[in-house]
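A short write-up of the structure that comes next.
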Amino acid sequence: MEGRSVFGLTTRDVEDSLICRVCSEKYDDSCRAAKFLRCLHGVCVACLGKSVPGDEQVFKCPVCQQNTPFPESGVQGLPDNFIVKTLRDSQCVFESDRKQSRSFICGSCKDGGPAVSYCSDGDCANFLCENCKEAHGRLRIYDGHVVIPLEQLENQPEIFISRKKPRCSQHHKQALTLFCNEEGCQLPICLVCVPTAHQGHGVVDLDQKSIEVKKELQILAQAARKKKGTVEEISGRISTEINQTSSRFEEMASALSEMFEGLQRQLKTAHEAVNDALKKQCLDRTAQLKYPTNFAELLVSQCDSACQFAETACVIGNPVDLLKTSEQIISRLQELIALDVDRSLPFHPADEAFLSFTENHDQVLSDIEKLIPILGQFNTSIADPTLTQGFKVTFPGSDESSLVLNATHRVRICALHPSRQPLDRLGGELHAYLLSPDGSSLECKHGEQCGDFYELQFRPLVAGPHQLNISVSGVPITSSPFPVVVVDNPSGDGQAEQSQDEVCSDLTWTDAFVHSEHTIIVKFKAPEHRLPRVSNLSAQFSMSRYQDQEDKRLYAIDEPQIVETDDSQTFRIVYTPPDAGELRMSVFVDGQPIANSPFVINVDPLHPDSTAVSTHQLGKCPLNTAVLNMPYTISLQTYDGFGQQLTNGGYDVKAAISTSSSEEVLLPDDIIDSQDGRYKITFTPRSVKLHSVTISICGYPVKSPIEISVLYGLPFENPSSGYEKPTGMDVDNKSKTVYVVDSRHACKLYVYDIYGRCTSELPFEKSTLPNKSCQIGVNEAGQLVLLIFHLRRVITCSTDGEIEDSWECAAENKTPANLTLSKEGQVIVGDSQSQELFIYGPKGEVRGRILLQDGSLEVGMNNVSVDRNLNILVATHCPPYDILRYSMTGNASSRLVSPAQNSQLAAASTPEGALIVSVPRGILVLEFSHDLMEVAVVKEFQIDDIYTKLAVVNDGCFVAFDPGAKHLTKYSYKPYIKKHRWSNPQSPWTTQTAMREVSPTTLSPEKPLPSPRQTTSESNSSGTGEKTSPIAE
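Counting in UniProt numbering, the sequence shown runs from 1 upward without gaps.
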């Protein structure tokens, strides 16, 4: 058990955060004080002091292997880990419930009695005893103070951490409430500091500044977290490739064994040789994939740790600590955001030809004696062979037999046939790394095309035999890996000294967007005295855009801004592209271009914020809320870089949906390009877990992930004027409309669409709806059929309220209870006094009567329905709780024990033949066996409403109506209906019941059925196709 969540962290996370990552000892305020590194991981002062590696003053993080240079002031100059301090200070609060006792004493009075509450005011911030708590409520001096019970403090420890406001170090009685925005200051200050040390400076509110920085950190953390997903996806594909390679080895080894079994000793040697070659290819491929796997895991760790640190800092960091460290946090997050994952972690899976036989086996076997030398050969290529064959690798300026340790060396790649292998194809696809004897690896960097060759650089740090691995799109080139021997620097070797004195640079950038500020990271590697300063650096960029054949717009050369960072080796180049196209950027040191300069940056016409994302609001659901098993739509409107709506489609829009309970990524049901700049993404949630929808256009994330909550049901919105006395509801599936009748005062008909929106309110004349309780139904002609209980009258009218027909119920139908309509036009009215169903024709003529058992019907309970075979189903309201089935002629077909075994309030039949029944605090979806002699529960909805009317919608859903609570909700039932379950006698159904044994008198209790039961021959036709089954157990 990880325990409850505090500040977004579990108890396990809190405990881990209070322990040093190196020595596993708890942090304290002395020798094990907590510091955090450039990578945002925490280490104690003692471990940092022991781990300084000589003169380099660099500490390698034990978690992510990132280097952190020590400041001139040494270990103590590293930033304090304020998150650890805050968690330690508040730990006594959020652990108090586990200790089962409280040791808090009053900090406001001298008595020091046991505390019962806590004052969160910034000038007080004390635990209070009972007397001090009473004084806080009585004395005016404490007006505005918020006193919180200790129980609430345990559940909301964040109240405790925002205690007394930090005080000014210069004016000790003054609280730090302002922030100096002046360049060179950037400090929290008090009110007294403003007219003294900061006179004339730009000053803003400290809390407001903190809010702005928090917002920036959260945005950056979210953007950095997206990189994690990309890395994990590539890592997963690599793992899959490793498994597939192993599987292919086993498959091919088996095929080889079968082929060689008939070849005796002559083929045995060949068999072993080919098998060994196959195994070597698989092992080599697996070894090639292990490096990017390890690198991917490292990137995931870096993204996780940096994002968690930034997000935790936003939650619990006070403004002073946050602002002191914000630049370092921002710099780290921007480094991760700027990382080009596809370039840093190239991976292309092997195609189907990898490890497959190269010849037709039947032909080989037919001429076995001539073809034995080539029998069993298989493909070892992973991709297009033209990408990886025909290259020459040299080491210019170095002795190829041995390379000097700690010197920068170049490796040059030339195409033997440039016409067939153009070098420009290597850009972004070539990857090289040096594998050391100790198993570590070193990436080759600064790749650039120089005429008819491509050149990379690397600097070996370990002596001994190495392997230089070079691949294109993840596929090793011919003869890779190349053996390389690294030796210690011979005495008097001037070349090594010159190489060590060389200034190297490394550039990191991503594709850009129009009119958006972007950052390029340039990092130099050189001795301290050779490192460039910002005054030595300069940069410029230019770009052109071809709008059409005759229009070539050329933008003038512009100079970006160069910004220093905390790392003396690293600088940020900040620029804003003026238009879409190719931007050429050059970086200079003392007027000389660095390696790889100029380089090209692709500028996309889409602005990062150019796409407006809107979600479909359903009924009364909160924004960004979907409903289980119902389609949900997200709409996109695209804009160009100048803020104008795009009027054409064609962009590659992709979406992926994931839930908090599953690592599986789902695809949307549909993505519709309207060809006018608008797109619609539709998906259907299959669980009520939180759904994250990640959207991208042309590979760029679009304001995502969007978090979509999911409800079990769709609550309909209330009409603008509100309900007064809603009494009836029904659905018109032809017009996809839901009608609700309100019979109090205004006599209104409310019209809804099937998405829960109230589209109109239609007032009825009092002559149509005379302020009396009624039920409503919709017939096949789209007319409204109203049953007025008090008047015992059935009215047929248009949706505008115009009466088209009216008739009175039969004299024996004294207490109408409910209304049911059939597709054939019959009107079925239940009577709660006589417990009968009266079957009327469209004009009011009585066609039949069915006498039910006592307690079957109740006024306002719509527990009668008509199924797809025109059978009448009655879910009895009182015990015994049964499901009765009759034909339209009144003949009893079956009597099943209801799985509900509770008061059945309403019933509705579905087009698939299922029956939906509402009971107090629940709705059951029931399914019948093929012979209709058994019934079972396939889904149960647990609810808080009392639904007395159900109506099925043709989209696989039903609407439930609670007139008492004035509430409508739509649920989906179709995913739970599966007829094939009955074919398996051992299927684990929730409840399964058979027919109840009944006698003829059960269907006609205590008194004979009133006459006539059936009238005209027309009633017989309504039951056509109905087979009356014998009533048996």
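Here a beta-carbon is modelled for each residue, glycine too, at the ideal position from N, C-alpha and C.
Note that the coordinates shown come from a computational prediction; the quantities given were computed from them, not determined experimentally.
Coil, strand or helix - residue i by DSSP
i, result
"Arg792", "coil"
"residue 1068", "Because the chain in this structure spans residues 1 to 1033, residue 1068 falls outside the shown range and cannot be described."
"Arg868", "coil"
"Asp13", "helix"
"His136", "helix"
"Lys823", "coil"
"Val315", "helix"
"Met543", "strand"
"Met933", "coil"
"Asp882", "strand"
"Thr269", "helix"
"residue 1064", "It is not possible to answer for residue 1064, since the shown part of the chain is limited to 1 through 1033."
"Cys957", "strand"
"Gln904", "coil"
"His691", "strand"
"Cys282", "helix"
"Lys772", "coil"
"Glu765", "coil"
"Glu707", "strand"
"Thr889", "coil"
Distance, residue j Cα to residue i Cα
i, j, result
"Ser735", "Glu912", "20 Å"
"Tyr976", "Ile923", "13 Å"
"Lys654", "Ser344", "23 Å"
"Asp730", "Val859", "17 Å"
"Ser721", "Ser614", "27 Å"
"Pro1000", "Gln775", "Unreliable positioning characterises Pro1000 in this predicted model, as indicated by a pLDDT of 34, which lies under 50. A coordinate reading is not provided."
"Val881", "Cys809", "Inspection of the sequence shows that residue 881 is occupied by Tyr rather than by Val. Approximately 28 Å between the Cα atoms of the pair."
"Gln467", "Pro481", "6 Å"
"Lys620", "Asp945", "16 Å"
"Asp13", "Glu327", "25 Å"
"Ser471", "Leu289", "11 Å"
"Ile839", "Trp807", "14 Å"
"Cys677", "Cys758", "Residue identity check: residue 677 is Gly in the sequence provided, not Cys. Their backbone Cα atoms lie some 29 Å apart in a straight line."
"Thr948", "His967", "11 Å"
"Gly643", "Ala612", "11 Å"
"His790", "Ser832", "13 Å"
"Gly42", "Asn81", "7 Å"
"Asp673", "Tyr723", "40 Å"
"Arg410", "Lys525", "15 Å"
"Ser101", "Ser117", "In this prediction, Ser101 has a pLDDT of 43, which is less than 50 and means its spatial position is unreliable; what the coordinates show is noted afterwards. Cα-Cα distance, rounded: 15 Å."
Closer than 6 Å: residue i CB and nearest the ligand ATP heavy atom
i, result
"Pro319", "Among the ligands in the structure shown, none appear at all, so the ligand ATP cannot be discussed."
Cβ separation of residue i and residue j, assumed to be a contact under 8 Å, to the nearest whole Å
i, j, result
"Thr910", "Tyr973", "7 Å"
"Arg885", "Asn871", "5 Å"
"Ala960", "Ser918", "6 Å"
"Leu852", "Leu837", "7 Å"
"Glu664", "Val574", "The pair is not a contact, with the Cβ atoms about 40 Å apart (cut-off 8 Å)."
"Tyr27", "Val75", "Not a contact, Cβ separation roughly 14 Å."
Sheet register partners of residue i (DSSP bridge)
i, result
"Leu666", "Ile657"
"Pro715", "Thr969"
"Cys414", "Lys392 and Phe453"
"Arg895", "Leu884"
"Pro460", "Pro460 is not bridged to any residue."
"Arg849", "Phe838"
"Gly42", "Phe36"
"Tyr752", "Val738 and Cys758"
CB contact check: residue i to chain D, cutoff 7 Å
i, result
"Cys185", "Annotation note: the requested chain D is absent from the structure, which comprises a single protein chain."
Does the stretch 587-602 touch the stretch 681-700, meaning 3 or more C-beta pairs lie closer than 8 Å? no
Any chance the stretch 692-705 sits against the stretch 628-641, with 3 or more Cβ pairs inside 8 Å? yes
Specify whether the stretch 215-232 and the stretch 186-202 touch according to this definition: at least 3 beta carbon pairs, one from each stretch, less than 8 Å apart. no
With a cut-off of 8 Å, do at least 3 Cβ pairs link the stretch 600-610 to the stretch 622-636? no
The stretch 230-247 touching the stretch 314-326, judged by at least three CB pairs closer than 8 Å: no
Spell out a yes or no on whether the stretch 533-542 and the stretch 555-565 are touching, meaning 3 or more CB-CB pairs, one atom from each, closer than 8 Å. yes
The stretch 272-286 contacting the stretch 173-187, beta-carbon criterion three pairs below 8 Å: no
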